[in-house]
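Working notes for the structure below.
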Amino acid sequence: MLNFILKRLGLAVLVALTVSAISFSLLFMAGDPAAALAGEQATDVDIEAIRRLYGFDRPMIVQYWEWLSRALQGDFGESYYFRLPVADLIMERLSITMTLGVCGISFALLTAVPLGVVAAIRPNSLIDRFALFLSVMGQAMPSFWFGLMMIVVFSIQLNWLPPSGTKTWVHFIMPTIVLGYYAMPAIMRLTRAGMLDVLGSDYIRTARAKGAGEGRVLFKHALRNAIIPVVSLAAVQMGFMLGGSIVVESIFALHGAGYLAWESIGRNDLPTVQALILVFSMFYIVFTFLSDVLNAWLDPRIRVA
Amino acid sequence: MKSLSLKCGVAALALMVAGAAHAGKSDDTLNVAFTKELENVDSYFNSSREGVVLQRAVWDGLVYRDPVTNEYKGNLATSWEWIDDLTLEFKLREGVKFHNGEEFDADDVVYTVNYVADEKNGAKTQRNVNWMKSAEKVDKYTVRISLKKPFPAAIEFLSGPVSIYPNEYYAEAGPTGMGLKPVGTGPYKVTEVEPGKHFVLEKYEGYHDSPKGQPKVGKIDIRTIPDVNTQMAELFSGSLDLIWQVPADQAGKLGAMEQFTVANESTMRIGYLTLDAAGRTGEKNPFTDVRVRRAVAHAVNREALVAALLKGKSKVISTACFPSQFGCFQDVANYEYDPEKAKALLAEAGYPDGFETDYYAYRDREYAEAISSFLNAVGIKTNFHMLQYSALRELRMKGGTPVSFQTWGSYSINDASAITSQFFKFGSLDDSRDEEVRDWLDVADSATDPEKRKEYYAKALTKIADQAYWVPMFSYNTNYVFTNEVSYTPTPDEVLRFVDMSWN
Numbered sequence: 134m135l136n137f138i139l140k141r142l143g144l145a146v147l148v149a150l151t152v153s154a155i156s157f158s159l160l161f162m163a164g165d166p167a168a169a170l171a172g173e174q175a176t177d178v179d180i181e182a183i184r185r186l187y188g189f190d191r192p193m194i195v196q197y198w199e200w201l202s203r204a205l206q207g208d209f210g211e212s213y214y215f216r217l218p219v220a221d222l223i224m225e226r227l228s229i230t231m232t233l234g235v236c237g238i239s240f241a242l243l244t245a246v247p248l249g250v251v252a253a254i255r256p257n258s259l260i261d262r263f264a265l266f267l268s269v270m271g272q273a274m275p276s277f278w279f280g281l282m283m284i285v286v287f288s289i290q291l292n293w294l295p296p297s298g299t300k301t302w303v304h305f306i307m308p309t310i311v312l313g314y315y316a317m318p319a320i321m322r323l324t325r326a327g328m329l330d331v332l333g334s335d336y337i338r339t340a341r342a343k344g345a346g347e348g349r350v351l352f353k354h355a356l357r358n359a360i361i362p363v364v365s366l367a368a369v370q371m372g373f374m375l376g377g378s379i380v381v382e383s384i385f386a387l388h389g390a391g392y393l394a395w396e397s398i399g400r401n402d403l404p405t406v407q408a409l410i411l412v413f414s415m416f417y418i419v420f421t422f423l424s425d426v427l428n429a430w431l432d433p434r435i436r437v438a
Numbered sequence: 020m021k022s023l024s025l026k027c028g029v030a031a032l033a034l035m036v037a038g039a040a041h042a043g044k045s046d047d048t049l050n051v052a053f054t055k056e057l058e059n060v061d062s063y064f065n066s067s068r069e070g071v072v073l074q075r076a077v078w079d080g081l082v083y084r085d086p087v088t089n090e091y092k093g094n095l096a097t098s099w100e101w102i103d104d105l106t107l108e109f110k111l112r113e114g115v116k117f118h119n120g121e122e123f124d125a126d127d128v129v130y131t132v133n134y135v136a137d138e139k140n141g142a143k144t145q146r147n148v149n150w151m152k153s154a155e156k157v158d159k160y161t162v163r164i165s166l167k168k169p170f171p172a173a174i175e176f177l178s179g180p181v182s183i184y185p186n187e188y189y190a191e192a193g194p195t196g197m198g199l200k201p202v203g204t205g206p207y208k209v210t211e212v213e214p215g216k217h218f219v220l221e222k223y224e225g226y227h228d229s230p231k232g233q234p235k236v237g238k239i240d241i242r243t244i245p246d247v248n249t250q251m252a253e254l255f256s257g258s259l260d261l262i263w264q265v266p267a268d269q270a271g272k273l274g275a276m277e278q279f280t281v282a283n284e285s286t287m288r289i290g291y292l293t294l295d296a297a298g299r300t301g302e303k304n305p306f307t308d309v310r311v312r313r314a315v316a317h318a319v320n321r322e323a324l325v326a327a328l329l330k331g332k333s334k335v336i337s338t339a340c341f342p343s344q345f346g347c348f349q350d351v352a353n354y355e356y357d358p359e360k361a362k363a364l365l366a367e368a369g370y371p372d373g374f375e376t377d378y379y380a381y382r383d384r385e386y387a388e389a390i391s392s393f394l395n396a397v398g399i400k401t402n403f404h405m406l407q408y409s410a411l412r413e414l415r416m417k418g419g420t421p422v423s424f425q426t427w428g429s430y431s432i433n434d435a436s437a438i439t440s441q442f443f444k445f446g447s448l449d450d451s452r453d454e455e456v457r458d459w460l461d462v463a464d465s466a467t468d469p470e471k472r473k474e475y476y477a478k479a480l481t482k483i484a485d486q487a488y489w490v491p492m493f494s495y496n497t498n499y500v501f502t503n504e505v506s507y508t509p510t511p512d513e514v515l516r517f518v519d520m521s522w523n
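First to last, the protein sequences are chains A and B. For the first sequence, this note's numbering gives the first residue as 134, with consecutive numbering after it. For the second sequence, this note's numbering gives the first residue as 20, with consecutive numbering after it.
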């Protein structure tokens with residue numbers, strides 16, 4: 134098991150480095166960083182001053198090396214745009230994104246897994262149809278539209294929930310549902326398919342034959358096997374939610390890390406973008422890693438492979 | 020995605036009836052939305068419109084320009100005079116106190132000017148400050164500002180972007196500290212800053228007898244809400260009282276509802292096409308021929324663009340500046356919409372069947388596309404490229420573009436030097452490179468006699484129009500939407516003035 138974990142960790146570090154190097158060079162290719170930083174109202178003088186101030190006139194590789202060696206010592210520098218330490222900025226924004234991501238994935242799992250199990254037990258029943266309907270809706274509705282509809286109904290017409298902001302937990306209800314709903318269909322369909330597959334297998338028949346209770350068959354034998362791909366999927370979805378909830382964060386004015394990343398790219402705020410990309414890739418890596426470990430625990434065969 | 024999201028949202032919002040408003044007047048708090056994340060409240064370290072809005076509320080300049088009459092009045096200074104072409108002397112107002120209790124005097128002016136004028140300190144908008152060399156104290160309430168070279172627009176700049184900071188506090192806090200805990204002499208003091216997200220201002224009870232007037236609304240609560248539809252939802256649910264920069268079609272719908280007031284005002288931003296007259300993209304470039312450039316000018320129906328797309332107080336313009344700006348001479352060649360004449364001019368220039376060209380824009384896709392279809396109609400086939408601002412800027416700085424749709428807001432500076440001289444003096448964005456125009460602008464920019472300035476701007480603008488280096492299109496406008504509880508008359512410079520707002 135230790136060997137397995139170490140190998141995965143080594144791989145993770147390499148992935149993070151590659152991602153950061155690529156993103157650094159992409160940002161330079163996307164347009165003159167000094168012009169982006171200076172803004173639309175800037176004159177040549179402004180741009181030149183910024184170019185000198187931030188040293189954009191030096192070779193890219195030098196700039197990357199400088200950033201990397203500082204980052205390795207835990208110094209992510211100061212945001213070009215906000216003039217605040219990147220670490221503080223990201224910590225503040227990340228707490229919002231994390232809250233939203235955890236709530237979103239919990240909402241998705243808590244609705245999708247039970248629905249998937251029920252749908253698999255009673256295939257083609259009314260409840261299976263209902264689950265199918267829900268998941269088709271979830272896949273088909275773009276989240277910006279769903280989000281706006283929620284605002285129209287619950288904030289404006291019913292006046293139950295605040296339309297945007299992060300002041301209280303109530304503000305997180307609609308974003309959680311919108312974000313979670315997007316991840317739900319895939320998880321549910323995968324649970325259903327896995328359960329159907331497993332329920333038809335020999336060892337379930339054996340379990341039933343030896344007189345195991347229905348609950349024990351479903352949850353100890355069937356779900357434990359069927360859930361393995363779901364765990365991997367949920368990990369990827371979670372990484373996606375933490376880095377990619379840009380639309381939801383923008384509609385509900387949440388100002389989380391996803392929105393910060395999106396805006397920072399447009400502003401060519403290199404230190405912020407680089408740090409965020411590192412954080413996001415770390416999320417993916419950590420979650421895939423955790424899901425590997427979790428799956429190894431769920432299924433001893435994976436540990437050997 | 021954005022425009023689709025807008026359209027769906029509008030359709031949805033238009034379907035329903037708004038609930039009753041509840042925030043605002045009852046607790047003397049005006050809730051306002053910003054669309055863009057403001058980088059830093061310190062006005063020397065941001066370059067955005069939101070920054071200008073906060074700057075005017077939190078700080079004061081030495082001089083104030085009345086936004087309606089354009090007359091200059093003393094603000095932190097009571098009077099001023101030109102000692103010579105390079106020296107301005109100010110008598111300062113006595114008894115003014117900063118929000119933190121620090122007394123305002125000559126030391127504050129000297130420190131602020133010397134700090135921002137030093138390029139090493141990295142003020143973000145160099146143009147606003149780099150004309151000043153230094154400042155020196157004459158006595159406690161007299162100060163002199165020295166200029167690098169004659170700069171007649173000095174008073175305009177001192178009434179706009181140059182605001183005075185408290186020397187002791189700024190020396191300690193610096194731009195980062197000032198951005199987090201701003202301190203000024205202005206009508207509103209800042210009580211809360213969450214960078215980029217949320218700003219709370221409170222009426223400054225000790226505000227001096229300023230030409231800005233006294234603040235009336237007790238508290239201003241500003242939140243950044245990037246999505247226009249969400250802003251509208253907040254307005255409907257009563258948790259916002261005022262939104263601005265509302266797109267024309269949404270504003271029209273909101274205006275039809277009883278509980279909102281929609282006010283439209285022009286802004287100093289203008290839109291224009293810049294043509295590669297200097298041949299930077301290649302000597303054979305058709306736009307080096309004046310007939311082709313004039314054909315472009317005749318090809319676009321600017322009246323139709325204004326009527327159908329921009330609406331409001333936008334106007335068709337013919338000069339390379341905004342009409343209210345000092346020196347913006349209006350009596351220049353005007354190219355009426357005449358596609359036949361455009362075709363004839365193209366044929367005369369040797370392009371009877373038109374030609375193909377790259378065409379660039381970085382914002383307002385729908386305006387840019389409409390312009391491109393007018394060009395296509397006379398035979399100028401445009402390959403339209405919509406680029407990120409920084410990418411297009413880089414392209415224009417390095418090799419130029421044959422045609423691009425550009426806009427410029429002059430940073431709300433009411434002087435032609437803030438626009439015409441920025442683009443026609445052989446800078447990297449100068450697509451015409453006309454030496455005569457450059458020399459005239461040099462005279463106009465540095466002459467101290469206003470009449471001489473006007474004369475030389477007129478010469479330059481006349482030639483620019485005659486040669487059609489630019490095809491000026493229209494001025495922009497902006498919509499302010501607020502609940503009926505709010506009383507506000509916007510000004511034509513796109514600056515939200517909280518000090519002018521009150522409850523009905």
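Where a beta carbon is used, it is the ideal one built from N, C-alpha and C, also for glycine.
*Nearest-angstrom Cβ-Cβ length linking aspartate 82/B and alanine 96/B, presumed shorter than 8 Å*: In the sequence as displayed, the identity of residue 82/B is valine instead of aspartate. Right, their Cβ atoms sit about 6 Å apart.
*Can you find a C-beta in chain B that's less than 8 Å from the C-beta of arginine 216/A?*
yes
*Give the straight-line distance between the Cα atoms of arginine 299/B and phenylalanine 306/B, rounded to the nearest whole angstrom.*
10 Å
_Give me the chain B residues within the contact set of valine 178/A, using Cβ-Cβ distance strictly less than 8 Å, ordered along the chain._
Gln145, Arg146, Asn149
*Pick from Pro295/A, Met274/A, Val412/A, Pro218/A that is closest to valine 148/A, judged by C-alpha positions*: Ranking Pro295/A, Met274/A, Val412/A, Pro218/A by CA distance to the CA of valine 148/A puts Val412/A first.
*Buried versus exposed, by CB contacts within 10 Å (16 or more), valine 146/A*: exposed
*According to the neighbour-count rule (16 or more other Cβ atoms, all chains shown, within 10 Å of its Cβ), is proline 295/A buried or exposed?*
buried
*Tell me, please, whether the CB atom of glutamine 278/B is closer than 8 Å to any CB atom in chain A?*
It does not: the Cβ of glutamine 278/B has no partner Cβ on chain A nearer than 8 Å.
_Partners in chain A for proline 194/B, counting only beta-carbon separations shorter than 7 Å_ = Arg216
_Can you look up tyrosine 160/B in the DSSP assignment and give me helix, strand or coil?_
coil
*Thinking C-alpha only, which one of Leu329/B, Asn147/B, Ala389/B, Ala368/B is nearest asparagine 496/B?*
Leu329/B
*Quick one: grab the DSSP three-state call for aspartate 97/A.*
Since the displayed chain A opens at 134 and closes at 438, residue 97/A lies outside it and no answer follows.
*Answer with yes or no whether the minimum CB distance from leucine 159/A to chain B is below 8 Å.*
No, leucine 159/A lies away from the interface with chain B (no Cβ there is under 8 Å from its Cβ).
*For tyrosine 381/B, does the three-state DSSP call read helix, strand or coil?*
coil
*Compile a chain-ordered list of the residues in the stretch 191 to 224 of chain B whose CB is closer than 7 Å to at least one CB of chain A.*
Pro194, Thr195, Gly198, Pro214, Gly215, Lys216
*As assigned by DSSP and simplified to three states, the class of glycine 290/B*: Of the three classes helix, strand and coil, the one that applies to glycine 290/B here is strand, per DSSP.
*Does glutamate 284/B have its Cβ less than 8 Å from a Cβ in chain A?*
no
*Neighbour-count burial assignment, alanine 125/B, 16 or more Cβ in a 10 Å radius*: When all chains shown are included, alanine 125/B counts as buried.
*In three-state DSSP terms, what is lysine 282/B?*
For clarity, residue 282/B is alanine in the given sequence; the question names lysine instead. In the structure shown, alanine 282/B sits in a strand (DSSP, three-state: E or B).
*Check the Cβ of phenylalanine 385/A against every Cβ in chain B and list those closer than 8 Å, keeping chain order.*
Simply Thr249.
_Strictly below 7 Å CB to CB, what residues from chain A border asparagine 59/B?_
Phe215, Arg216
*Determine the direct distance from the alpha carbon of alanine 394/A to that of valine 60/B, and round the result to whole angstroms.*
21 Å
*Would you mind sorting glutamate 455/B into buried or exposed? The rule is 16 or more other CB atoms within 10 Å of its CB.*
exposed
*Should proline 421/B be labelled buried (16 or more other beta-carbon atoms within 10 Å of its own) or exposed?*
buried
*Straight-line Cα distance separating lysine 303/B from histidine 317/B*: Cα-Cα distance, rounded: 22 Å.
_Assuming lysine 110/B is part of the beta strand (DSSP E), what are its boundary residues?_
106 to 111
*asked:* What are the residues in the stretch 420 to 434 of chain B lying within 7 Å of chain A by C-beta distance?
replied: Gly428, Tyr430
*Would you report the Cα separation of glutamine 250/B and arginine 242/B, rounded to the nearest angstrom?*
10 Å
*asked:* Against arginine 8/B, what residues of chain A qualify as contacts under a CB-to-CB distance less than 9 Å, listed in chain order?
replied: Because residue 8/B is not part of the residues shown, which for chain B are 20 to 523, the question remains open.
*Assign tyrosine 188/B to one of two classes, buried (16 or more other C-beta atoms within 10 Å of its C-beta) or exposed (fewer than that).*
buried
*If you measure from the beta carbon of glutamate 385/B to each beta carbon in chain A, is any gap under 8 Å?*
no
*Using the beta-carbon of each residue, which ones in chain A are nearer than 7 Å to serine 409/B?*
Gly164, Asp165, Ala168, Ala169, Asn401
*Report yes if the CB atom of tyrosine 184/B is closer than 8 Å to the CB atom of proline 206/B, and no otherwise.*
no
*Sorted by chain position, which residues of the same chain lie with C-beta nearer than 7 Å to alanine 40/B's C-beta, five sequence neighbours on each side aside?*
For alanine 40/B, the pLDDT reaches just 40, beneath the cut-off of 50, and the residue's location in the model is therefore unreliable, although a value from the coordinates is still provided. Correct list, in chain order: Gly257, Gln278, Thr502.
*Along the alpha helix (DSSP H) that carries arginine 322/A, what are the first and last residues, could you check?*
306 to 332
*Quick one: does serine 521/B have its CB under 8 Å from some CB of chain A?*
no
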